[in-house]
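The block underneath contains the structure these notes are about, expressed in structure tokens.
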Amino acid sequence: MTDVVSPAAGIPKAKSVRRDIGIKRRYAAERRFRAYGIAALSFGIIFLMLLLWSVVSKGYTAFQQTMITMPVEFSQQIIDPQNERATNPQKLMTANYPVVARNALAKLLNVSVDDRVAARAIGQMLSDGVRVQLRDLVVANPAIIGTTQTVTLLASGDIDSAFKGQVDLTVSQENRKINDQQLGWMKQLSDSGALAKHFNGGIFVNGASSRPEAAGVGVALIGSFYMMLIVLALSLPIGVAASIYLEEFAPKNRFTDLIEVNINNLAAVPSIVYGLLGLAVFVNFMGLPRSASFVGGLVLTLMTLPTIIIATRAALKAVPPSIRAAALGLGASKMQTIFHHVLPLAMPGILTGTIIGLAHALGETAPLLLIGMVAFVANYPTTPLDPSTALPVQIYMWANEAERAFVERTSGAIIILLLFLILMNVGAILLRRRFERRW
Amino acid sequence: MNTSLILLILAIIGIAGYVAGARHAMALVGGVSSKLHSRPGYYGSFVAVWAIVPAVVILFVWLVASPIYISSSVRGAFPEDVKAQSQAEQGLSYGMITSIARGMNALTRDEIARVENNPIELRTALGAKGVPLAGDPKPYMVKAAADLNTMTFVSRMLMTIVVLAASVGGAFSAYRQIAPRFRARNRVEKVILGSLVVASSIAILTTVGIVASMLTEAAHFFAAIPAWEFFFGTVWDPRFAAAGSGGSEGQFGLIPLLLGTLYIGFVAMLFAVPIGLFSAIYMSEYASPKVRSVAKPLLEVLAGIPTIVYGFFALTTVGPFLRDLSSQLNGLVTGDYSNFIQAQSVLTAGFVMGIMLIPYVSSLSDDIITAVPRALRDGSLGLGATRSETIKKVVLPAALPGIVGALLMTASRAVGETMIVVLAAGVAARLQINPFEPMTTVTVKIVNQLTGDLEFTSPQTLVAFALGITLFAITLCLNIYALYIVRKYREQYE
Numbered sequence: 001m002t003d004v005v006s007p008a009a010g011i012p013k014a015k016s017v018r019r020d021i022g023i024k025r026r027y028a029a030e031r032r033f034r035a036y037g038i039a040a041l042s043f044g045i046i047f048l049m050l051l052l053w054s055v056v057s058k059g060y061t062a063f064q065q066t067m068i069t070m071p072v073e074f075s076q077q078i079i080d081p082q083n084e085r086a087t088n089p090q091k092l093m094t095a096n097y098p099v100v101a102r103n104a105l106a107k108l109l110n111v112s113v114d115d116r117v118a119a120r121a122i123g124q125m126l127s128d129g130v131r132v133q134l135r136d137l138v139v140a141n142p143a144i145i146g147t148t149q150t151v152t153l154l155a156s157g158d159i160d161s162a163f164k165g166q167v168d169l170t171v172s173q174e175n176r177k178i179n180d181q182q183l184g185w186m187k188q189l190s191d192s193g194a195l196a197k198h199f200n201g202g203i204f205v206n207g208a209s210s211r212p213e214a215a216g217v218g219v220a221l222i223g224s225f226y227m228m229l230i231v232l233a234l235s236l237p238i239g240v241a242a243s244i245y246l247e248e249f250a251p252k253n254r255f256t257d258l259i260e261v262n263i264n265n266l267a268a269v270p271s272i273v274y275g276l277l278g279l280a281v282f283v284n285f286m287g288l289p290r291s292a293s294f295v296g297g298l299v300l301t302l303m304t305l306p307t308i309i310i311a312t313r314a315a316l317k318a319v320p321p322s323i324r325a326a327a328l329g330l331g332a333s334k335m336q337t338i339f340h341h342v343l344p345l346a347m348p349g350i351l352t353g354t355i356i357g358l359a360h361a362l363g364e365t366a367p368l369l370l371i372g373m374v375a376f377v378a379n380y381p382t383t384p385l386d387p388s389t390a391l392p393v394q395i396y397m398w399a400n401e402a403e404r405a406f407v408e409r410t411s412g413a414i415i416i417l418l419l420f421l422i423l424m425n426v427g428a429i430l431l432r433r434r435f436e437r438r439w
Numbered sequence: 001m002n003t004s005l006i007l008l009i010l011a012i013i014g015i016a017g018y019v020a021g022a023r024h025a026m027a028l029v030g031g032v033s034s035k036l037h038s039r040p041g042y043y044g045s046f047v048a049v050w051a052i053v054p055a056v057v058i059l060f061v062w063l064v065a066s067p068i069y070i071s072s073s074v075r076g077a078f079p080e081d082v083k084a085q086s087q088a089e090q091g092l093s094y095g096m097i098t099s100i101a102r103g104m105n106a107l108t109r110d111e112i113a114r115v116e117n118n119p120i121e122l123r124t125a126l127g128a129k130g131v132p133l134a135g136d137p138k139p140y141m142v143k144a145a146a147d148l149n150t151m152t153f154v155s156r157m158l159m160t161i162v163v164l165a166a167s168v169g170g171a172f173s174a175y176r177q178i179a180p181r182f183r184a185r186n187r188v189e190k191v192i193l194g195s196l197v198v199a200s201s202i203a204i205l206t207t208v209g210i211v212a213s214m215l216t217e218a219a220h221f222f223a224a225i226p227a228w229e230f231f232f233g234t235v236w237d238p239r240f241a242a243a244g245s246g247g248s249e250g251q252f253g254l255i256p257l258l259l260g261t262l263y264i265g266f267v268a269m270l271f272a273v274p275i276g277l278f279s280a281i282y283m284s285e286y287a288s289p290k291v292r293s294v295a296k297p298l299l300e301v302l303a304g305i306p307t308i309v310y311g312f313f314a315l316t317t318v319g320p321f322l323r324d325l326s327s328q329l330n331g332l333v334t335g336d337y338s339n340f341i342q343a344q345s346v347l348t349a350g351f352v353m354g355i356m357l358i359p360y361v362s363s364l365s366d367d368i369i370t371a372v373p374r375a376l377r378d379g380s381l382g383l384g385a386t387r388s389e390t391i392k393k394v395v396l397p398a399a400l401p402g403i404v405g406a407l408l409m410t411a412s413r414a415v416g417e418t419m420i421v422v423l424a425a426g427v428a429a430r431l432q433i434n435p436f437e438p439m440t441t442v443t444v445k446i447v448n449q450l451t452g453d454l455e456f457t458s459p460q461t462l463v464a465f466a467l468g469i470t471l472f473a474i475t476l477c478l479n480i481y482a483l484y485i486v487r488k489y490r491e492q493y494e
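Chains A and B, in that order, are what the protein sequence lines are. Here the first sequence is numbered in the numbering used here, starting from 1 and rising by one per residue. Here the second sequence is numbered in the numbering used here, starting from 1 and rising by one per residue.
Shown next as structure tokens:
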């Protein structure tokens, strides 16, 4: 029969019986699969690096500003020709300071101001902000009229860009904002040391300005600060109270189920919907002022609450039941147990969650656009009810500006925003490391 | 007295009540606190709660109710011819009366007597005080303004008296109740519990607020524009919202916006899903703990970057890069160096949004993949499957419902994302399928319609709320369905 097989023939046959399970092919597939994983992971990380690099490389120059240091003659002829400053206080406010600065620069360059074209070109090398700079000097000390002082003035945004090498000089001069003559003067000034880059403190303190060289995030920082304060003051107590109720007291019924479902859904509602809510309820219905950081704070509070509630509940859950049992066993009431023992132990987790929630709120833009925080605000808000902007909104407004110099400003503002976020997140991580307890 | 001063006084009464209550309780038992039912602080808190809570509630109700009452009684006193006018015009008149009233507070008594019967002079007098008026005041307005001022004054006085009386009275009656066997702690704890319940119902209030506010405003919109024209219209051309111009009503078709939203979201998911999913698989199945501890936080940094930063990145880096790349490619192939990808396009916005979504996909699916029981993997590996086969044939099918849930949640983020599309997708509402051309989304249009001067009466503004409720409904459905799937899946292993 066929199952009688001669042993001599069986040995080679057994070898060929071993099924081809495609081990090579399968291992190749394994390696490919693994490579896909590495590729995906690297792709994400590379783009993170690319994003940060693109922002930093564009923005680090914003922290330096080109300025011109020169002797300025505060000529009575120009500032106050009729010598009426004693009687008319408006005189010093409205005097023609740009001409004072222009004349000083022309003198430094040995160009006659009678040459109208050249004088105009020289005037364009200085920022419009010199009007305010010189006015503040004169108003603070009217005695300097008639004297010559050495003053450091802002160069115009175009000069600033050119000096930082951001202007493509191969373009013919009709097509760029700065002509060859001005470039020559710029070179002359920088060789003599009059024109140099200084640390740009203005970007941290100035308000909105249509001139990039004078624009800063000062107002936006204060607006964001007020909002963070309001968010912290409202969302932390409300969030903690809500989580304590839901985690420790709430009976299992329809009402608490409804709250649970609500919180989970609110955490996923798009932020712009909160902006619509703020506009309809706070601004339109309650009549609170538009553009105010108070309204912004309220909107961001509602937006942050679900995050804080979810984090707090996790922190409360992590406190072991033995703590509660011990406190209750010693005669504490339920309320005392929670407030005296559970809550302090859960506090690091709660604070970590709060800081992360605040960091999200700090970077949020869309709802603030809707409640009118896209306003041109040049003055510091003194109360949270005054018009103001916020840091991310300022970034949005600058990103929409056409001028090249604003790209640098925008990136600079993003760097500031990211620094704050890093600071908050590192704080949260340290807090977690320092106080985290394993039970 | 202004409100903050009243609040300050209430706080002082409260603190005084606390101290007095605690001392009184101790004095009653001669300093032996064990004879008291509760710790002395609870007696103090009991007094403080009675001093502050009712008074603050009264204050709040008064502050909300009195302006409504005053405005309706001032409007009720309007002459008949004014009452016959439209609501909007009555609103304007009322606005003028409030500014006159504000201005009259700045005038001295003599000045008021002089200008009272001379409306034109009143306008100049108020202008000099820095209160500009929109038009010449009519005589009835001056009278109404005076009434308004008196009523406001009386209301403030009454409020101050009532609130302070309530505070002192509450504190006093609570103080009288203190006795050694009085259960102060239980009372105070009840109040605390009540405030916890109130805090947790804010979540419900927010949802109710979102739905109610958007529904009412959207209802105003649908009164002007039929709902089917909005939901099924294919042309988006809202025109401008000029105040008072009735004739130029635009077309408000949702379809182009909705398709733009879904298209950009789809492109974003096309990038985010494979990358995020493969990263999650690699991190949970292959990576050593060391790699994982570095790579996971790095990916999470992507989630922490504000979306405005992504928008700026798309606007200044990705968009121009894709545009130049396309013109180079076109030049190499056809010799014609014109770009076929616009700087603002579906691709730009979708790609950058995809990067933003990677960490959401990866961290959500990482959790789900890790939750697949060890035994399933061991069984498969023990039968001789390779790791990738185990993942493809065992782990992923087991995790599939959860991953689908995670992807739905991510999709709802993509639909609701605003800042990236505002900066990178363009504003032209068009119906087309070329991913290299700009399209626009629902969120972009909400921002466009609501920035700048607005009037809460024109359909151009109100349409934003109709768009908002659509957006809310879409994301809500996605999320509820995702949660449903995730929950159902979780029960399988328990």
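Yeah, the Cβ is synthetic: ideal placement off N, Cα and C, and Gly gets one too.
Pick out whichever of B/Met269, B/Gly276 and B/Ile210 has its Cα sitting closest to the Cα of A/Ala280. Reading the first sequence from its first residue, position 280 is the one you call residue 280 of chain A. That would be B/Ile210, whose Cα lies nearest to the Cα of A/Ala280.
Anything in chain B within Cβ reach of A/Glu403, meaning under 8 Å, just list it in chain order. On the first sequence, residue 403 of chain A is found 403 positions in, with the first residue counted as 1. Per Cβ cutoff of 8 Å: no residues; A/Glu403 is ~13 Å from chain B at best.
Distance, A/Asn262 Cα to B/Tyr484 Cα: Indexing the second sequence from 1 puts residue 484 of chain B at position 484. Indexing the first sequence from 1 puts residue 262 of chain A at position 262. In this structure, the CA atom of B/Tyr484 is about 14 Å from the CA atom of A/Asn262.
Do the stretch 352-362 of chain A and the stretch 274-293 of chain A touch if we need at least three Cβ pairs shorter than 8 Å? Contact annotation: the stretch 352-362 of chain A does not touch the stretch 274-293 of chain A, with fewer than three C-beta pairs closer than 8 Å.
Which residues of the stretch 44-68 of chain B have a Cβ closer than 7 Å to any Cβ of chain A? Give them in chain order. For the stretch 44-68 of chain B, the beta-carbon criterion of a distance under 7 Å to any beta-carbon of chain A is satisfied by none of its residues.
If you run the structure through DSSP and keep just helix, strand and coil, what is A/Glu401? Numbered from 1 along the first sequence, position 401 holds the residue referred to as residue 401 of chain A. DSSP places A/Glu401 in coil when its eight states are reduced to three.
Would you mind telling me which residues of chain B sit closer than 8 Å to A/Glu408, beta carbon to beta carbon, in chain order? On the first sequence, residue 408 of chain A is found 408 positions in, with the first residue counted as 1. None at all; the shortest Cβ gap to chain B is about 11 Å.
A/Ala119 beta carbon less than 8 Å from that of A/Ala106: In the first sequence, residue 106 of chain A corresponds to position 106, counting from 1. In the first sequence, residue 119 of chain A corresponds to position 119, counting from 1. Result yes, Cβ atoms of A/Ala106 and A/Ala119 sit closer than 8 Å.
Between A/Val72 and A/Val151, which are expected to be in contact by the criterion C-beta below 8 Å, what is the C-beta distance as a whole number of angstroms? Here residue 72 of chain A refers to the residue found at position 72 when the first sequence is read from its first residue. Here residue 151 of chain A refers to the residue found at position 151 when the first sequence is read from its first residue. Sure, about 5 Å apart at Cβ, within 8 Å.
Determine the DSSP secondary structure at A/Lys197, reduced to helix, strand or coil. Looking up residue 197 of chain A in the first sequence gives position 197. Three-state result, A/Lys197: strand.
Does the CB of A/Asn265 have a neighbour CB from chain B at under 8 Å? One-based indexing of the first sequence puts residue 265 of chain A at position 265. By this cut-off, A/Asn265 is an interface position.
Closer than 7 Å, Cβ to any Cβ of chain B: which residues of the stretch 273-286 of chain A, in chain order? Against chain B - using a Cβ distance shorter than 7 Å - the residues of the stretch 273-286 of chain A are Val273, Leu276, Leu277, Leu279, Ala280, Val281 and Asn284.
Look up B/Pro137 in the DSSP assignment and say whether it is helix, strand or coil. Reading the second sequence from its first residue, position 137 is the one you call residue 137 of chain B. Coil, per DSSP.
Just to confirm the assignment: which complete beta strand (DSSP E) runs, minimum length 3, are found wholly within the stretch 178-228 of chain A? Listed in chain order, the complete beta strand (DSSP E) runs (minimum 3 residues) inside the stretch 178-228 of chain A are 195-199.
Is the Cβ-Cβ distance between B/Arg374 and B/Glu285 less than 8 Å? As a working mapping, residue 374 of chain B is identified with position 374 in the second sequence. As a working mapping, residue 285 of chain B is identified with position 285 in the second sequence. Here B/Arg374 is not near B/Glu285, since their CB atoms are 8 Å or more apart.
Check this for me: beta carbons of A/Thr365 and B/Pro306, under 8 Å apart or not? The sequence position of residue 365 of chain A within the first sequence is 365, counting from 1. The sequence position of residue 306 of chain B within the second sequence is 306, counting from 1. B/Pro306 sits close to A/Thr365, with the two beta carbons spaced by under 8 Å.
Looking at the secondary structure, which residues open and close the alpha helix (DSSP H) in which B/Glu389 lies? Along the second sequence, one-based indexing puts residue 389 of chain B at 389. Segment Arg387 to Thr390, the alpha helix (DSSP H) holding B/Glu389.
For B/Gly17, which residues from the same chain have a beta carbon less than 6 Å from its beta carbon, with the 5 sequence-adjacent residues on both sides left out? Within the second sequence, residue 17 of chain B is the residue found at index 17, counting from 1. The residues are Val47, Ala48, Ala51 and Ala171.
Work out the CA separation of A/Asp386 and A/Leu300 for me, nearest whole Å. Residue mapping note: residue 300 of chain A aligns to position 300 of the first sequence, counting from 1. Residue mapping note: residue 386 of chain A aligns to position 386 of the first sequence, counting from 1. Taking the Cα positions, A/Leu300 is about 17 Å away from A/Asp386.
Under the rule that 16 or more other beta-carbon atoms within 10 Å means buried, what is B/Leu36, buried or exposed? The residue you call residue 36 of chain B lines up with position 36 of the second sequence. With 16 or more Cβ atoms within 10 Å of its Cβ, B/Leu36 is classed as buried.
Identify every run of the beta strand (DSSP E) within the stretch 65-108 of chain B, keeping only runs that are complete inside it and at least 3 residues long; order them along the chain. Within the stretch 65-108 of chain B, no complete beta strand (DSSP E) run reaches 3 residues.
Which residue from A/Thr410, A/Leu431, A/Gly427 and A/Glu436 puts its Cα closest to that of A/Ser57? Numbered from its first residue, the first sequence carries residue 57 of chain A at position 57. Nearest of A/Thr410, A/Leu431, A/Gly427 and A/Glu436 to A/Ser57, Cα basis: A/Thr410.
Can we say the stretch 89-102 of chain A touches the stretch 125-139 of chain A, given the rule of at least three CB pairs closer than 8 Å? Enough Cβ pairs lie closer than 8 Å, so yes.
Under three-state DSSP, which class holds B/Val394? Indexing the second sequence from 1 puts residue 394 of chain B at position 394. Helix, per DSSP.
Exposed or buried, A/Asn200, counting other C-beta atoms within 10 Å across all chains shown (16 or more means buried)? Taking the first sequence and counting its residues from 1, one reaches residue 200 of chain A at position 200. By the 16-neighbour rule on beta-carbons within 10 angstroms, A/Asn200 is buried.
Kindly list, in the order they appear in chain B, the residues whose Cβ is closer than 8 Å to that of A/Thr449. This structure leaves residue 449 of chain A out entirely; chain A is present only between 1 and 439.
Residues bridged to A/Glu73 (per DSSP): Start at 1 with the first residue of the first sequence, and residue 73 of chain A comes out as number 73. Answer is A/Thr148.
Is the distance from the Cβ of B/Leu259 to the Cβ of B/Val442 below 8 Å? Here residue 259 of chain B corresponds to residue number 259 of the second sequence, with the count starting at 1. Here residue 442 of chain B corresponds to residue number 442 of the second sequence, with the count starting at 1. For B/Leu259 and B/Val442, no; Cβs fall outside 8 Å.
Tell me, please, whether the CB atom of A/Arg434 is closer than 8 Å to any CB atom in chain B? What you label residue 434 of chain A is simply residue 434 of the first sequence in a count that begins at 1. So, not an interface residue.
Identify the continuous alpha helix (DSSP H) that holds B/Asn330 and give its terminal residues. Here residue 330 of chain B refers to the residue found at position 330 of the second sequence. In this chain, the alpha helix (DSSP H) harbouring B/Asn330 covers Gly319 to Thr334.
With which residues is B/Asp237 paired in a DSSP beta bridge? Position 237 of the second sequence holds residue 237 of chain B. In the DSSP assignment, B/Asp237 is bridged to B/Gln251.
Counting only the same chain and skipping the five closest in sequence on each side, list residues whose C-beta sits under 8 Å from that of B/Val162. Taking the first residue of the second sequence as position 1, residue 162 of chain B is located at position 162. Excluding residues up to 5 positions away in sequence, Ile58 and Trp62 lie with their Cβ nearer than 8 Å to the Cβ of B/Val162 in the same chain.
For A/Gln65, three-class secondary structure by DSSP: For the purposes of this step, residue 65 of chain A is identified with residue 65 of the first sequence, where counting begins at 1. If DSSP states are grouped into helix, strand and coil, A/Gln65 belongs with the strands.
With a threshold of 8 Å, are at least 3 pairs of Cβ atoms found where one atom belongs to the stretch 388-401 of chain B and the other to the stretch 467-479 of chain B? Not touching, per the Cβ criterion.
Short check: CB of B/Ile446 to CB of B/Ala314, under 8 Å? Counting from 1 along the second sequence, the entry for residue 446 of chain B is found at position 446. Counting from 1 along the second sequence, the entry for residue 314 of chain B is found at position 314. The Cβ-Cβ distance between B/Ile446 and B/Ala314 does not fall below 8 Å.
Sufficient close CB pairs (3 or more, under 8 Å) joining the stretch 194-207 of chain B to the stretch 219-234 of chain B: They do not touch, by the three-pair rule.
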